[in-house]
Amino acid sequence: MSQPFVAILMGSDSDLPVMQACGEVLTQFGIRWEMKVSSAHRTPDATRAYVADAEKRGCAVFVCAAGMAAHLAGAVAAHTQRPVIGVPIESSLDGLDALLSTVQMPAGIPVATVAIGKAGAKNAAYLAAQIIGVADAAVYRKVQDERAAQTRAVLEKDAALQAKLNG
Ligand code: RP5
0 MSQPFVAILM
10 GSDSDLPVMQ
20 ACGEVLTQFG
30 IRWEMKVSSA
40 HRTPDATRAY
50 VADAEKRGCA
60 VFVCAAGMAA
70 HLAGAVAAHT
80 QRPVIGVPIE
90 SSLDGLDALL
100 STVQMPAGIP
110 VATVAIGKAG
120 AKNAAYLAAQ
130 IIGVADAAVY
140 RKVQDERAAQ
150 TRAVLEKDAA
160 LQAKLNG
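Mapping the sequence shown onto numbering that gives the first Met the number 0, position 18 (from 1) lands on 17, and the numbers just tick up by one.
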């Protein structure tokens, strides 16, 4: 198996403005990734072929984003034993349709479903980094460092607020 990477799939190029954030976070962690438009409904054969090929090339985690009747993550999970993370995209019904379509998988074929939209796109990358970090000490350390930075940022924001309130 070659160097592990994350495959980011989207049901449509209209999902790209949201999913760009996923790639950006993976890049911060130094994790290789690739991105592909592939639809569970419109290109089912190509989706299946891509999953098999990506797995052979060393894909460690699949991130699958889709809106409406969002079956992409489930369809990918049906064809791989690598972890699959689903990102529901808001394109109708406030994204609730995509959330339920992604999260409600039958027992035995899991999809780790994150939040609707951009927070979900980012959390898919953080979760993928945590999965890769189980076996990669350098990635694990980067995740730890990033958590520490988040903590510092909140403490600094509170310190600034307290300074403003207390003159
Ligand atoms: C889903 O349908 C896509 O993931 C997208 O979120 C939604 C709308 O697709 P387009 O009509 O914009 O191609 O399959």
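Positions of the beta carbon are idealized from the N, C-alpha and C atoms, including for glycine.
Since residue i contacts residue j with CB under 8 Å, what's their CB separation in whole angstroms?
i          : j          : result
residue 58 : residue 6  : 5 Å
residue 10 : residue 64 : 7 Å
Starting from residue i, trace the beta strand (DSSP E) both ways and give me its first and last residue.
i           : result
residue 23  : Per DSSP, residue 23 belongs to no beta strand (DSSP E); it is in the alpha helix (DSSP H), 15-27.
residue 7   : 4-9
residue 43  : From DSSP, residue 43 is part of no beta strand (DSSP E) but of the alpha helix (DSSP H) over 43-55.
residue 131 : Element bounds for residue 131: not the beta strand (DSSP E) but the alpha helix (DSSP H), 117-132.
residue 148 : Where residue 148 is concerned, there is no enclosing beta strand (DSSP E), although the alpha helix (DSSP H) it sits in stretches over 136-164.
residue 68  : That residue, residue 68, is in no beta strand (DSSP E); it is neither H nor E in DSSP.
Here's a check: name, in chain order, each residue in its chain whose Cβ is nearer than 7 Å to the Cβ of residue i, leaving out the five neighbours to either side.
i          : result
residue 0  : At residue 0 the pLDDT is 48, less than 50, meaning the model places this residue with poor confidence and gives no usable figure here.
residue 12 : 36
Here's a check: name, in chain order, each residue in its chain whose Cβ is nearer than 6 Å to the Cβ of residue i, leaving out the five neighbours to either side.
i          : result
residue 82 : 60 and 130
Tell me whether residue i is buried or exposed, calling it buried when 16 or more other Cβ atoms sit within 10 Å of its Cβ.
i           : result
residue 100 : buried
residue 123 : buried
residue 94  : buried
With a threshold of 8 Å on Cβ separation, who are the neighbours of residue i within its own chain once the five nearest residues in sequence on each side are excluded?
i           : result
residue 110 : 63, 72, 73, 76, 83, 84, 85, 101, 102 and 104
residue 29  : 137, 138 and 141
Following the continuous alpha helix (DSSP H) through residue i, name the residue where it begins and the one where it ends.
i           : result
residue 102 : 95-102
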